[in-house]
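Colleague:
In the UniProt record's numbering, the protein residues as written are 1 to 322.
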């Protein structure tokens, strides 16, 4: 089969190479999967760079989220078991962790459902306790992770403020349903949030960016608000001023969704059932901005790494359905 592999760490476009390799052999409790679509995530870029929390042995195949087909014909969503990731014609995954792909979503959309929407649901509902009628501020609202949070926030009955970078992404955020859109390149985020909320601020902040985004969030979070720390796409990990959290009476809440797979796997299954219902009702639909040819996967991972994309880029192997 063909598989994209990383032989040394570095920028994705420089270190990913398309190789002819044998199909992976499933280990105990694993299944061989035919990849129908592979969603590109920021962790794929971090894996290429050697900066992710998991460091598979070289060479490895990136691709942490797929829609695939089992040997008995089931259409499933899976997180492949590295080093045999999803940017290949075949991957392996733990059989117990496979989830049925929602019928309401095509392969590319299903491939983009699991990590982003599970992260959003657990973050907003389990960790930040978002309530109907509250105001949710979402950074990088037109991106893959942010767009999921916007849709889930609207499904929960929240008023959603989206922060984006540039007019093209602002248009996407409006299409997603943001009630207010702030362009960080031309608008004062803090002033705009306070203006949109009558001076109160945002009840919940969804921050997959870190850096300056976090600093601005702390200045416009509401009384008893919650800043949800999801990731650091900016590359800068902030150092919160805890005295500021004390004085303003807000919470800083962390989310490592992967821990639920180990600590409470049943909650992941229940969440997937909820997301499947949402998809069937049209409340959520992954924003797939581009279906990428298999041969162009390295460039697509690089674009996600560079932060130039909106929504999701999904790689579709030749001959697979999209």
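The C-beta atom is built at its ideal place from N, Cα and C for all residues, glycine as well.
On the DSSP letters alone, give me the boundaries of the beta strand (DSSP E) that residue 328 sits inside.
Modeller: The displayed coordinates of the chain run from 1 to 322. Any statement about residue 328 would go beyond what the structure contains.
Colleague: Could you spell out the range, first to last residue, of the beta strand (DSSP E) harbouring residue 183?
Modeller: 180 to 183
Colleague: Would you kindly report the start and end of the unbroken beta strand (DSSP E) that includes residue 254?
Modeller: Taken as a continuous stretch (DSSP letters only), the beta strand (DSSP E) holding residue 254 covers 251 to 254.
Colleague: What are the partner residues of residue 77, as DSSP defines its beta bridges?
Modeller: 67 and 99
Colleague: Along the chain, where does the beta strand (DSSP E) that runs through residue 139 open and close?
Modeller: 135 to 139
Colleague: Cutting at 6 Å between CB atoms, please list the residues of its own chain near residue 98, excluding the five before and the five after it.
Modeller: 76 and 78
Colleague: Which whole runs of the alpha helix (DSSP H) in the region 103 to 137 are 4 residues long or more, in chain order?
Modeller: 107 to 111 and 114 to 121
Colleague: Measuring straight from C-alpha to C-alpha, what distance separates residue 44 and residue 241?
Modeller: Rounded to the nearest angstrom, the two C-alpha atoms are 31 Å apart.
Colleague: By how many angstroms is the C-alpha of residue 87 removed from the C-alpha of residue 119?
Modeller: For residue 119 and residue 87, the distance between alpha carbons rounds to 22 Å.
Colleague: Does the Cβ-Cβ distance between residue 116 and residue 85 come in under 8 Å?
Modeller: no
Colleague: Apply the 10 Å Cβ neighbour rule to residue 106 and answer buried if 16 or more other Cβ atoms are within range, or exposed otherwise.
Modeller: Residue environment for residue 106: buried (at least 16 other C-beta atoms within 10 angstroms of its C-beta).
Colleague: The beta strand (DSSP E) that contains residue 159, what's its start and end?
Modeller: 159 to 164
Colleague: Can you give the Cα-Cα distance for residue 243 and residue 214, rounded to whole angstroms?
Modeller: The alpha-carbon atoms of residue 243 and residue 214 are separated by roughly 15 Å.
Colleague: Less than 8 Å separating the beta-carbons of residue 67 and residue 15?
Modeller: no
Colleague: Compare the beta carbon distance of residue 171 and residue 182 with 8 Å and say whether it is the shorter of the two.
Modeller: no
Colleague: Report yes if the CB atom of residue 137 is closer than 8 Å to the CB atom of residue 251, and no otherwise.
Modeller: no
Colleague: Just verifying my parser: in three-state terms, what is the DSSP assignment at residue 47?
Modeller: Under the three-state reduction of DSSP, residue 47 is assigned to helix.
Colleague: Write down the C-beta distance between residue 223 and residue 249 rounded to the nearest angstrom, noting that I regard them as a contact closer than 8 Å.
Modeller: 6 Å
Colleague: Please determine, among 296, 211 and 257, the residue with the shortest C-alpha to C-alpha distance to residue 236.
Modeller: 211
Colleague: Report the three-state DSSP secondary structure of residue 34 (helix, strand or coil).
Modeller: strand
Colleague: Start and end of the beta strand (DSSP E) containing residue 19?
Modeller: 16 to 20
Colleague: Which one or two residues does DSSP pair with residue 176 in a beta bridge?
Modeller: Assignment of beta-bridge partners to residue 176 by DSSP yields no partner.
Colleague: Could you pull the start and end residues of the beta strand (DSSP E) that residue 269 belongs to?
Modeller: Run containing residue 269: none in the beta strand (DSSP E); it sits in the alpha helix (DSSP H), 265 to 281.
Colleague: Give a yes or no on contact between the region 300 to 316 and the region 5 to 20, applying the rule of three or more CB pairs nearer than 8 Å.
Modeller: Contact holds: three or more Cβ-Cβ distances are below 8 Å.
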